[in-house]
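Mapping the sequence shown onto my numbering, position 306 (from 1) lands on 306, and the numbers just tick up by one. Before any comments, here is the structure.
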Amino acid sequence: MTKRISFVRGFRIPKEKDINEALGNDASFSNEFKRSFNSLPHPTSDLDWLANYKEKGQTYKRFLNECPFVNNNSSSQKYIYLTLLDNDNRLSLLNIDRLIDYTQRFFQMEIKLLPLFTNFNWNEKKKTWICTMKSKNDSTKDITLRTRYNSTSEHSQICVHNILNLLKTSLPNDARCLVAITLHDLYSDESDLFIAGLCYGNRSVAIFSFFRYDPRLEFSEEFWYDWKIKKIKSKLMSTIILLRSCRLLTHEIGHLLGIDHCIYYACLMNGSGHLEEDFSQPLFLCPIDLRKLLQLTNFDFIERYEQLLDFCIENQFKDDINILKKRIEILKNDKTMIQTKKNKDFDYELQQKSKRLKKKYRYYLDKSMLFRIVQNSFTSIIRQSSNFVRIFEVGPRDGLQNEKTQVSTSTKIEFINRLSQTGLKYIEVTSFVSPKWIPQMNDHVEVLAGIDRLPDICYSVLTPNIQGLNKVLSLGKKAANEVAIFSAASEIFSKKNINCSIEESFQRFNQVVKIAHEQNLPVRGSISCTVGCPYEGKIKPSQVVPLVEKLLDMGCYEVALADTIGVGTPKSIHELLKAIYANGISSNKLAIHCHDTYGQAIANIAQALEMGIRCIDSSVAGLGGCPYAKGATGNVATEDVLYLLHGLGYETGIDLNRLIDVSQFITNILKRDNMSKVTCAVLSKRQN
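Below, the structure is given as structure tokens:
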């Protein structure tokens, strides 16, 4: 039985008359509806919020007197803004489009995504984070952020007040509030181990850190606590992360809209003193806070609950489905319950669009995991709500492996170090394969150990077998941040490339993935020849789908689909992704890896973007080619991909001009033509 802890001295447990007074005597909630909400939870840990903080409680009447938005629907401040604080590609785990969808249903207000206007870089000399911030007139300035090292979690942390002060200068004129989302660990003062989020209500800005919610941290931070997370299967992890994110995000926005911590019911707006308490809170508002929200958006109770129910069913929030069904049933049977018409200022077209979008979605239940399948007609909406694209730079490994002239170890190290200064966050450094097969990679240990590492960059290596993985692990602190494995959709290519059948390759990979995960190393998968093979010809999507499933089931966090010989077209890419989506695999588990043999790489990437792909493999200067794929020219040039992405309005966090300088550096050393059309054009313009 759970032991109860005393409330903090001076806190008065609310009685029924206190709750009714807080709700307001004129409230039309029925007793049955109020009974569907649980009472205020009693502290069970010395760390719990109400075991440490004396909360007065905000009544409905007090809210009306304090909230600046009450009876101010004609104000130009109509929108809730979200923004990604940095270009950290792991934020793709958040499913920002689903977060926006949920927040819109929850608050019945329009949500806008503010384009990325900050970029964080680590200053190794000062041991601190530097924020490069873009102002409203497009000028930039560097701001040093107060940084500390947390010896418990072994990560750097940024002072949250520095960031909130930056946000208040970037608040749009039509915003009710702005919430920033980050993957940096945060703290408020020296007494904190960390904080997950904080808001400045009087300044309408807040921040939410995803750092402690990252599924990769399951082996460390989350295992400090006795949670059910220990028993969660990896396939359900994305659902848990989304649930947690929805809960914290709506809690912080609630504060920004003027709703204080709740002390009357078990409620989304309860305070929390630690992660376990945070994750155990309800997903929904209590009757008192529902009345407060009603004053801001004037929604229909049943319709709002039905929208939230649809979301919970679609995203497998199983614990909340029955709660919503029960409350909807009570409301439909209760003729005295308040039912209001939509506020005229609420964007009715947006609501109708939300209904239409349900028809644009198709859902598939696969092994107890529900995924959303996106049709082509919905892609414009995706682009608006998920505009960050992650670049996985493969130049140092896939780019150099086919060079006939041996590249010196010092050159490789300098190449990688220069790439690290461009804003790239994922760099594939080398390959731990036998020099017998790939002579160019025979200095893999020296290269990996010799690079200058930046803390916010993931340095990846290819490890197709146990021998390669063991070499990586033997490097200790100089080992890679993640490892990669690859198979092929063609039996002949597999035998020529890695000297084994497809089935044998997966048998090898099982052990690699198992040991990597035991050592807390993420694993990325890749599949060669997904649309065509130099030996077998055309590859059918049906040959690729089961391989993607196997890699994901094995534990790969992502699978890159490689057009190894560059024969793909937008049509073949469309057919491939359509087949994968139809088998219940989400776009955020996939990346695209294109070669430009027939000049189709950029067109193929554009097609993949249209279908929701947000990670692209590329190689600076178009370096590369596979030694076992005759006729295959280099990878698509990273510079050309960036030019496309920036032209379409996507964020990458990468400085194109700096990357062009690196491109010129490596091609001059290799004494070869630069295959990037963008680099050639820019260099020509510079000479003029």
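We put the CB at the ideal spot given by N, CA and C, even for glycine. Just so it is clear, the structure is predicted and the values come from calculations on it, not from any experiment.
For this session: Assess, as a yes-or-no matter, whether the stretch 654-662 is touched by the stretch 567-586 under the definition of 3 or more beta carbon pairs within less than 8 Å.
Result: no
Problem set entry | Coarse secondary structure for Met133, derived from DSSP in three states | strand
Exercise. Excluding sequence positions up to five away, which residues of its chain have a Cβ less than 6 Å from the Cβ of Leu217?
Worked result: With a pLDDT of 45 at Leu217, under the threshold of 50, the modelled position of that residue is not reliable, and no figure is offered here.
Problem set entry | For Thr430, the three-state DSSP class (helix, strand or coil) | strand
Problem set entry | Boundaries (first-last residue) of the alpha helix (DSSP H) holding Asp647 | The question names Asp, but residue 647 is Gly in the sequence shown. First-last of the alpha helix (DSSP H) with Gly647: Thr638 to Leu648.
Problem set entry | Burial state of Gln607 (16 or more Cβ within 10 Å) | buried
Problem set entry | Integer Cβ distance of Ile158 from Leu183, believed to fall under 8 Å | The Cβ separation is near 11 Å, so there is no contact.
Problem set entry | Neighbourhood of His593 by C-beta, 6 Å cutoff - its chain only, sequence neighbours within 5 removed | Ala560, Ala562 and Asp617
For this session: Kindly indicate which three-state DSSP category Thr147 falls into: helix, strand or coil?
Result: strand
Exercise. Near Asp398, what residues of its chain come up, given a Cβ to Cβ distance below 7 Å and the 5 sequence neighbours on each side ignored?
Worked result: Glu428, Ser619, Gly624 and Asn635
Exercise. In whole angstroms, what separates the C-alpha of Asp452 from that of Cys615?
Worked result: 25 Å
For this session: With DSSP as the reference, label Arg614 as helix, strand or coil.
Result: coil
Exercise. Expressed to the nearest angstrom, what Euclidean distance is found between the alpha-carbon atoms of Ala22 and Asp97?
Worked result: 35 Å
For this session: List in chain order: all unbroken alpha helix (DSSP H) runs of 4+ residues lying wholly within the stretch 278-313.
Result: 287-297
Exercise. According to the Cβ coordinates, are Ile613 and Ala579 closer than 8 Å?
Worked result: no
For this session: Mark Asn497 as exposed unless 16 or more other C-beta atoms lie within 10 angstroms of its C-beta, in which case mark it buried.
Result: buried
For this session: May I ask you to check if the CB of Gly584 is nearer than 7 Å to at least one heavy atom of the ligand PLP?
Result: Absence of the ligand PLP is noted for the structure shown, with no ligands found whatsoever.
Exercise. At what residues does the alpha helix (DSSP H) containing Arg62 begin and finish?
Worked result: Tyr60 to Glu66
For this session: Please report how far the alpha carbon of Phe11 lies from the alpha carbon of Ile391, in whole angstroms.
Result: 52 Å
Problem set entry | Three CB pairs or more closer than 8 Å across the stretch 61-71 and the stretch 33-45 | no
Exercise. Which partner residues of Ala206 appear in the DSSP bridge assignment?
Worked result: Val179 and Cys199
Problem set entry | Cβ shell of Phe301 (< 6 Å), same chain only, five flanking positions each side left out | Leu331
Exercise. If you draw a straight line from the alpha carbon of Pro172 to that of Arg304, how long is it in whole angstroms?
Worked result: 27 Å
Exercise. Going by Cα to Cα distance, which pick from Leu113, Ala637 and Asp189 is closest to Val179?
Worked result: Leu113
For this session: Using alpha carbons as the reference points, say which of Leu521, Ser76 and Asn668 lies closest to Asn470.
Result: Leu521
Problem set entry | Delimiting residues of the beta strand (DSSP E) encompassing Gln157 | His155 to Cys159
Problem set entry | Which listed residue (Glu314, Gly532 and Gly566) has its alpha carbon closest to that of Ala637 | Gly566
Exercise. Bridge partners of Lys412, per DSSP?
Worked result: BP columns for Lys412 are empty, so no partner.
Exercise. With a cut-off of 8 Å, do at least 3 Cβ pairs link the stretch 45-60 to the stretch 237-250?
Worked result: no
Exercise. Hey, how far is the Cα of Ile288 from the Cα of Gln507?
Worked result: 57 Å
Problem set entry | Pick from Val160, Ile527, Ile605 and Asn688 that is closest to Ile502, judged by C-alpha positions | Ile527
Exercise. Which first and last residues belong to the alpha helix (DSSP H) in which Gly468 is found?
Worked result: Ile466 to Leu473
Exercise. Which residue's Cα is closest to the Cα of Leu294: Leu609, Ser28, Pro14 and Cys680?
Worked result: Ser28
For this session: Report the residue from Pro14, Ala621 and Leu296 whose alpha carbon sits nearest the alpha carbon of Gly395.
Result: Ala621
Exercise. Skipping 5 residues on each side, what residues in its chain have a beta carbon closer than 6 Å to that of His274?
Worked result: Leu47
Problem set entry | Residue nearest to Val407 in terms of C-alpha spacing, selected from Asn387, Val389, Asp596 and Thr430 | Thr430
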